[in-house]
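Numbering (our numbering), first residue to last: 859 to 969.
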């Protein structure tokens, strides 16, 4: 199959929770992969999105070629200087061709 390529590089991040010196939980994100793809803004105007909560909540979708990554570990994407929480990570119809990752733009400092 032909590669779909892309025009932006995304860092795939996983949540890391540690305890500090006084036992408080501290959240951070660590990069587990990078991949090129396309980032598209999701408008809320489509009538086809009515029955899909995750899609309805999403602000963007990232499309990329399929690659080896533990999808259960990916909780956030960083594209440019912006962070996006992963709402749904889909491999359409299980064909092994590409990923559709539904995102919600989040805080800009990564926290």
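We treat Cβ as the ideally placed atom computed from N, Cα and C, and that holds for glycine.
Segment limits, beta strand (DSSP E) that includes residue i
i: residue 963; result: 956-963
i: residue 944; result: 940-948
i: residue 951; result: Here residue 951 belongs to no beta strand (DSSP E), and DSSP marks it neither H nor E.
i: residue 929; result: No beta strand (DSSP E) contains residue 929, which DSSP labels as neither H nor E.
For residue i, the residue or residues it bridges with in DSSP
i: residue 895; result: 866 and 922
i: residue 884; result: 876
i: residue 860; result: None; residue 860 has no bridge partner.
i: residue 890; result: In DSSP, residue 890 forms no bridge with anything.
Chain B contact for residue i (CB, 7 Å cutoff)
i: residue 874; result: Of the chains in the structure shown, none is chain B; there is only one protein chain.
Cβ-Cβ separation, residue j to residue i (assumed contact under 8 Å), whole Å
i: residue 923; j: residue 861; result: 5 Å
i: residue 946; j: residue 960; result: 4 Å
i: residue 876; j: residue 888; result: In fact, because the Cβ distance is near 11 Å, the residues do not count as touching under 8 Å.
i: residue 978; j: residue 958; result: With the chain covering 859 to 969 only, the question about residue 978 has no answer from this structure.
Given 8 Å, three or more beta-carbon pairs between the segment 926-936 and the segment 863-870
The segment 926-936 is in contact with the segment 863-870.
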